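Protein chains: 2
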Amino acid sequence: MITVKTISDLRQVRADLPYQVGLVPTMGFLHGGHLSLVDKAREECASVVASIFVNPTQFGPKEDFGAYPRDIPQDLKLLEQHGVDVVWIPETEQMYPPGFQTWVKVEELSRHLEGEMRPGHFQGVTTVVTKLFTAVQPDKAYFGQKDAQQSVVIKRMVTDLNLPVEIVVCPIKREPDGLAMSSRNVYLNPDERKAAPVLIRALKKAENAFLHGANDAEQLREIMIETIENESLASVQYVSCANPDTLEELTGSIQRGLLSMAVNFRKTRLIDNVLIGK
Amino acid sequence: MITVKTISDLRQVRADLPYQVGLVPTMGFLHGGHLSLVDKAREECASVVASIFVNPTQFGPKEDFGAYPRDIPQDLKLLEQHGVDVVWIPETEQMYPPGFQTWVKVEELSRHLEGEMRPGHFQGVTTVVTKLFTAVQPDKAYFGQKDAQQSVVIKRMVTDLNLPVEIVVCPIKREPDGLAMSSRNVYLNPDERKAAPVLIRALKKAENAFLHGANDAEQLREIMIETIENESLASVQYVSCANPDTLEELTGSIQRGLLSMAVNFRKTRLIDNVLIGK
Numbered sequence: 565m566i567t568v569k570t571i572s573d574l575r576q577v578r579a580d581l582p583y584q585v586g587l588v589p590t591m592g593f594l595h596g597g598h599l600s601l602v603d604k605a606r607e608e609c610a611s612v613v614a615s616i617f618v619n620p621t622q623f624g625p626k627e628d629f630g631a632y633p634r635d636i637p638q639d640l641k642l643l644e645q646h647g648v649d650v651v652w653i654p655e656t657e658q659m660y661p662p663g664f665q666t667w668v669k670v671e672e673l674s675r676h677l678e679g680e681m682r683p684g685h686f687q688g689v690t691t692v693v694t695k696l697f698t699a700v701q702p703d704k705a706y707f708g709q710k711d712a713q714q715s716v717v718i719k720r721m722v723t724d725l726n727l728p729v730e731i732v733v734c735p736i737k738r739e740p741d742g743l744a745m746s747s748r749n750v751y752l753n754p755d756e757r758k759a760a761p762v763l764i765r766a767l768k769k770a771e772n773a774f775l776h777g778a779n780d781a782e783q784l785r786e787i788m789i790e791t792i793e794n795e796s797l798a799s800v801q802y803v804s805c806a807n808p809d810t811l812e813e814l815t816g817s818i819q820r821g822l823l824s825m826a827v828n829f830r831k832t833r834l835i836d837n838v839l840i841g842k
Numbered sequence: 565m566i567t568v569k570t571i572s573d574l575r576q577v578r579a580d581l582p583y584q585v586g587l588v589p590t591m592g593f594l595h596g597g598h599l600s601l602v603d604k605a606r607e608e609c610a611s612v613v614a615s616i617f618v619n620p621t622q623f624g625p626k627e628d629f630g631a632y633p634r635d636i637p638q639d640l641k642l643l644e645q646h647g648v649d650v651v652w653i654p655e656t657e658q659m660y661p662p663g664f665q666t667w668v669k670v671e672e673l674s675r676h677l678e679g680e681m682r683p684g685h686f687q688g689v690t691t692v693v694t695k696l697f698t699a700v701q702p703d704k705a706y707f708g709q710k711d712a713q714q715s716v717v718i719k720r721m722v723t724d725l726n727l728p729v730e731i732v733v734c735p736i737k738r739e740p741d742g743l744a745m746s747s748r749n750v751y752l753n754p755d756e757r758k759a760a761p762v763l764i765r766a767l768k769k770a771e772n773a774f775l776h777g778a779n780d781a782e783q784l785r786e787i788m789i790e791t792i793e794n795e796s797l798a799s800v801q802y803v804s805c806a807n808p809d810t811l812e813e814l815t816g817s818i819q820r821g822l823l824s825m826a827v828n829f830r831k832t833r834l835i836d837n838v839l840i841g842k
């Protein structure tokens, strides 16, 4: 496994990688979710590149950029174990040179859900992903369904900019009790950790209701809110039953939908989602 | 010379082009200015690609997108004569697919001068240029100094997005009477055409004053305004003496500057510029 930092080193290494090249972009502090992306890339591609970059521009000024967990030595060990060929650890000064002022923006899709709660978040994501794609020139890139909106936004960006990369979205990986794996789960104290599966419980409860005929979007949102509100440590930031393509909130009876939510546990914000219908 | 329309055809042809590949992006209706870019690319690169695309998103709603002059057969003849290897004529539907909503924006530099007069113009330019670069993957790309701000904005974008392309800016080509070559010059009626060299006269007058010790930015702007106002068919939209790097308007005594202006002749808007100092 080769580790590079500068873009010029990356380009040099990239030039010799056999086709196809799969990229797994990460912010490090890797868990089973990330590793499932690596495994999928390893299965599908001749070459696997992983990037580790805690991208400052996708964090709001009051968010957890400084506190975001980091453990590069452990990450490198895991990536090597999972057969990654190249790890790129970009330097912030090269990603955001002095005077930086160029942003890639996906307009409508970035306005909903996470974008509404985290202004500027997707502008940071789409800009850094464009830069990762431009530097690595992957044939495929792997993202997790956990960040459902992110995948929709990035797919739109790839279409709109005609980027020659296929976006592969992999299923959410969960802890044995159903909590979606996230680097931010380490923020939870033991009580919060115990309460955190309330997100998937709420999603599953709405999904079950839907499977048993409750197909009214508002009712499904109410089921989720009610479930979360029964958990005293949890407080709902939003719940959503949205069109999976446009991310617009649905009303009335639905045939398919993206159920999603953001829930706060004191200072820890967790998200989760489930796709329902066909 | 090969002519392609779709991005997939372009990519196929591109894959076989010997290094280095030079790109000359144009909106067609080619004149000596464009051809000087082609000649420069031909001189410096093993392969020369030219694109012809009247990019709708860089025109304002009240601007001349519909009226913009077009003559593809003549363009192809000229490009062939000047030794271009590949001409790419993108289709609007492929450049702007249904639901298109992704924009590349260079923020501060796009706000001044042309950007102030033409809101959204540079967002259209930087988005389409990103797409041209992504599709063609040129090693070098050639732009004219006539659109001085455009070159500054695109260079910033290339730095910020770490695009692997070198931007080459070529000098303004002028008619025998000094009028900067422009596809829009055909809009001028004979009287206006006769009056149009007032732009370069005004710029030269300010430059001469500067060379003779008049280094006050405000005074230089006044010289330019006065010259234009003496021409009854011309009306000033703006004159500027700006920092050539930041494009911010200068005040007080200066050592170097970008003198630039936009001048209206009835419905025809002309721009020109001169760099002064070192």
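Going down the list, the protein sequences come from chains A and B. In short: position in the first sequence from 1, add 564, done, that's our numbering. In short: position in the second sequence from 1, add 564, done, that's our numbering. Ideal Cβ placement from N, Cα and C applies to all residues, glycine included. The structure displayed is predicted, hence computed values, not measured ones.
Indicate whether at least one CB of chain A lies closer than 8 Å to the CB of Q714(B).
To locate residue 714(B), count along the second sequence from 1; it is residue 150. No, Q714(B) does not count as interfacial toward chain A.
Does the beta-carbon distance from G624(A) to P702(A) come in below 8 Å?
Translated into the one-based positions of the first sequence, residue 624(A) becomes position 60. Translated into the one-based positions of the first sequence, residue 702(A) becomes position 138. Not in contact: G624(A) and P702(A) (Cβ atoms no closer than 8 Å).
Chain-ordered chain B contacts of D724(A) [CB-CB under 9 Å]:
Translated into the one-based positions of the first sequence, residue 724(A) becomes position 160. By Cβ distance, chain B contributes Y660, P661, G663, F664, Q665, T666, W667, T691 and K695.
Please state if the CB of V613(B) and the CB of V700(B) are separated by a distance shorter than 8 Å.
Counting from one through the second sequence, the residue named residue 700(B) turns up at place 136. Counting from one through the second sequence, the residue named residue 613(B) turns up at place 49. Cβ distance < 8 Å, so V700(B) and V613(B) count as in contact.
Within 8 Å of any Cβ in chain B, is that where the Cβ of V827(A) sits?
Residue mapping note: residue 827(A) aligns to position 263 of the first sequence, counting from 1. It does not: the Cβ of V827(A) has no partner Cβ on chain B nearer than 8 Å.
For T668(B), which residues from the same chain have a beta carbon less than 7 Å from its beta carbon, with the 5 sequence-adjacent residues on both sides left out?
Numbered from its first residue, the second sequence carries residue 668(B) at position 104. The sequence shown places Val at residue 668(B), not Thr. Once the five neighbours on either side are set aside, the close Cβ partners of V668(B) are T690, T691, T694 and M721.
Can you name, in chain order, every residue of its own chain whose Cβ lies under 8 Å from the Cβ of V577(B), other than the five neighbours on each side?
The residue given as residue 577(B) occupies position 13 in the second sequence. Same-chain partners within the cutoff: I566, V568 and V650.
State the DSSP-derived secondary structure class of L823(B), mapped to helix, strand or coil.
As a working mapping, residue 823(B) is identified with position 259 in the second sequence. Residue state, collapsed to three classes: strand.
In its own chain, which residues sit with a C-beta less than 8 Å from the C-beta of L854(A), not counting the 5 before and 5 after it?
Because residue 854(A) is not part of the residues shown, which for chain A are 565 to 842, the question remains open.
How many Å lie between Y660(A) and D724(B) at the Cα?
Residue mapping note: residue 660(A) aligns to position 96 of the first sequence, counting from 1. Residue mapping note: residue 724(B) aligns to position 160 of the second sequence, counting from 1. C-alpha separation (whole angstroms): 7 Å.
Among residues of its own chain, excluding the 5 on either side of A744(A), which ones have a beta-carbon nearer than 6 Å to its beta-carbon?
On the first sequence, position 180 is the one that residue 744(A) refers to. Result list for A744(A): K710, I736, R738 and D836, in chain order.
Can you tell me which of the three DSSP states L574(A) falls into?
Working through the first sequence from its first residue, we reach residue 574(A) at position 10. Of the three classes helix, strand and coil, the one that applies to L574(A) here is helix, per DSSP.
is_contact[R833(A), chain B] using C-beta, thresh 8 Å
Here residue 833(A) is taken as the residue at index 269 of the first sequence, counted from 1. So, not an interface residue.
Any heavy atom of the ligand ADP closer than 7 Å to the Cβ of S615(A)?
This structure does not include the ligand ADP; it has no bound ligands of any sort.
Boundaries (first-last residue) of the beta strand (DSSP E) holding K719(B)
In the second sequence, the residue the question calls residue 719(B) occupies position 155. It is not in any beta strand (DSSP E) - K719(B) instead sits in the alpha helix (DSSP H) that spans A712 to D724.
Below 8 Å between beta carbons: does that hold for E782(A) and T832(A)?
Residue 782(A) sits at position 218 when you count from the first residue of the first sequence. Residue 832(A) sits at position 268 when you count from the first residue of the first sequence. Against a cut-off of 8 Å, the Cβ pair of T832(A) and E782(A) comes out as no contact.
Short CB-CB distance (under 8 Å) between L784(B) and chain A
For the purposes of this step, residue 784(B) is taken as the residue at position 220 of the second sequence. It does not: the Cβ of L784(B) has no partner Cβ on chain A nearer than 8 Å.
Determine, using beta-carbon pairs with one atom in the stretch 590 to 608 of chain B and one in the stretch 772 to 791 of chain A, whether at least three such pairs fall under 8 Å.
no
Can you give the Cα-Cα distance for V585(B) and E786(A), rounded to whole angstroms?
As a first step, residue 585(B) must be located in the second sequence, where it is residue number 21. As a first step, residue 786(A) must be located in the first sequence, where it is residue number 222. Their Cα atoms are separated by approximately 58 Å.
Name the chain A residues whose beta carbon is nearer than 9 Å to that of E672(B)?
Working through the second sequence from its first residue, we reach residue 672(B) at position 108. Chain A residues near E672(B): G663 and Q665.
Beta strand (DSSP E) runs wholly inside the stretch 779 to 822 of chain A, at least 3 long, in chain order:
799 to 806
Roughly how many angstroms lie between the CA atoms of N749(B) and D580(B), to the nearest whole one?
As a first step, residue 749(B) is located in the second sequence; it is residue number 185 there, counting from the start. As a first step, residue 580(B) is located in the second sequence; it is residue number 16 there, counting from the start. Going from the Cα of N749(B) to the Cα of D580(B) covers about 38 Å.
Using a Cβ-Cβ cut-off of 6 Å (strictly less than) and excluding sequence neighbours within five positions of Y802(A), which residues of its own chain qualify?
If you number the first sequence from 1, residue 802(A) lands on position 238. So the qualifying residues of the chain are A826.
Nonlocal neighbours in the same chain, by C-beta distance under 7 Å from G708(B), ignoring five residues either side
For the purposes of this step, residue 708(B) is taken as residue 144 along the second sequence, with counting starting at 1. Once the five neighbours on either side are set aside, the close Cβ partners of G708(B) are G597, L601, C734 and I736.
To the nearest angstrom, how far is it from the Cα of E607(B) to the Cα of L640(B)?
Position 43 of the second sequence, counted from the first residue, corresponds to residue 607(B). Position 76 of the second sequence, counted from the first residue, corresponds to residue 640(B). Going from the Cα of E607(B) to the Cα of L640(B) covers about 19 Å.
Tell me which residue opens and which closes the beta strand (DSSP E) that D844(B) is part of.
Chain B is shown only over 565 to 842; residue 844(B) falls outside these bounds and no answer can be derived.
Any C-beta of chain A sitting closer than 8 Å to the C-beta of T698(B)?
In the second sequence, counting from the first residue as 1, residue 698(B) sits at position 134. At least one chain A Cβ lies under 8 Å of T698(B).
Say whether chain A places a C-beta atom closer than 8 Å to the C-beta of L677(B).
The residue labelled residue 677(B) in the question sits at position 113 within the second sequence. Judged by the 8 Å Cβ criterion, L677(B) is not in contact with chain A.
Return yes when the Cβ of L763(B) is within less than 8 Å of the Cβ of P808(B), no when it is not.
Here residue 808(B) refers to the residue found at position 244 when the second sequence is read from its first residue. Here residue 763(B) refers to the residue found at position 199 when the second sequence is read from its first residue. Cβ distance not < 8 Å, so P808(B) and L763(B) don't count as in contact.
So, is the C-beta of R578(A) closer than 8 Å to a C-beta in chain B?
On the first sequence, position 14 is the one that residue 578(A) refers to. With 8 Å as the cut-off, R578(A) does not count as an interface residue toward chain B.
Return the Cβ separation of C805(A) and L784(A) in integer angstroms, given the expectation that the two are a contact with Cβ distance under 8 Å.
To locate residue 805(A), count along the first sequence from 1; it is residue 241. To locate residue 784(A), count along the first sequence from 1; it is residue 220. 5 Å between Cβ atoms; contact.
Within 8 Å of any Cβ in chain B, is that where the Cβ of M591(A) sits?
Here residue 591(A) is taken as the residue at index 27 of the first sequence, counted from 1. No, M591(A) does not count as interfacial toward chain B.
Limits of the beta strand (DSSP E) - the one that G708(A) falls within
To locate residue 708(A), count along the first sequence from 1; it is residue 144. Taken as a continuous stretch (DSSP letters only), the beta strand (DSSP E) holding G708(A) covers K704 to G708.
State yes or no: is the C-beta of S747(B) within less than 8 Å of the C-beta of P633(B)?
Looking up residue 747(B) in the second sequence gives position 183. Looking up residue 633(B) in the second sequence gives position 69. Yes, the Cβ-Cβ distance between S747(B) and P633(B) is below 8 Å.
To be precise: take each residue of the stretch 719 to 750 of chain B, compare its Cβ to all Cβ atoms of chain A, and keep it if any distance is under 8 Å. Which residues remain?
R720, M721, T723, D724, L725, N726, L727 and P728
Chain B contact residues for I840(A), given Cβ-Cβ distances below 9 Å:
On the first sequence, position 276 is the one that residue 840(A) refers to. Simply none; closest approach about 23 Å.
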